[in-house]
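If you count the sequence shown from 1, you need to add 170 to reach this note's numbering. Since the structure comes first, as structure tokens, the remarks are kept for the end.
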Amino acid sequence: MPFSVDVLDEVGFGELGADRVTELAAAAFVARGYEPERMGEVSVALVDRETMRELNLKYRGKDAPTDVLSFGIDGPYGEMVGEIVICPGVASSEMGIEELVVHGALHLSGMDHGEDFEASEMSMVQDEVLRDLDGGG
């Protein structure tokens, strides 16, 4: 069961290749002590604001779109690790699409940040993963 990431671009974003998404997700899992070569599949879906609003309402009770949602399925070493859903239309300059992939993967690895993301351990791990990938670590 080789680690793989499937990208479904429902909005024609076109700027996020499967190789880069795989690199981002794998780096997040490694930072959490997982071995991607033993993991299954992660699905990343890029959706519009309305789809994201519907998902956020259904699963979190919030009637507004959000930037990213993660849905664990079989766990880190399962056949289908989970799905990361990203809304490029809500992504901000503070947390762009690549950051949201890492953010979603960290959620799939079991991390959470509560209400104050900036003060959380998850924020520090996310920054470290991105810094390391960009050659700054």
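Glycine included, each C-beta is placed from N, C-alpha and C at the ideal position. Quick caveat: nothing in here was measured; it's all calculated off a predicted structure.
Counting C-beta neighbours from all protein chains within 10 Å, is the total for residue i 16 or more, i.e. buried, or is it exposed?
i	result
A289	exposed
Y204	buried
E269	buried
M294	exposed
Please check the pair residue i and residue j, which I expect to be a contact at CB under 8 Å, by giving their CB distance rounded to whole angstroms.
i	j	result
D111	L227	Nothing about residue 111 can be read from this structure; the chain reaches only from 171 to 307.
L278	V260	About 19 Å separates the two Cβ atoms, so there is no contact after all.
Considering only C-alpha positions, which residue in the set the options is nearest to residue i?
i	options	result
F173	D286, A195 and I267	A195
S263	G242, D237 and P246	D237
Using the C-alpha atoms, what's the distance from residue j back to residue i?
i	j	result
E220	L300	29 Å
E180	P258	10 Å
V214	A197	15 Å
S223	R190	Position check: residue 223 holds Arg in this sequence, whereas Ser was assumed. Going by the C-alpha atoms only, they are around 26 Å apart.
V200	L276	10 Å
Helix, strand or coil for residue i per DSSP?
i	result
V181	coil
D302	helix
I243	coil
D218	coil
Is the beta carbon of residue i within less than 7 Å of some heavy atom of the ligand NAD?
i	result
F199	This structure simply doesn't include the ligand NAD, nor any ligand for that matter.
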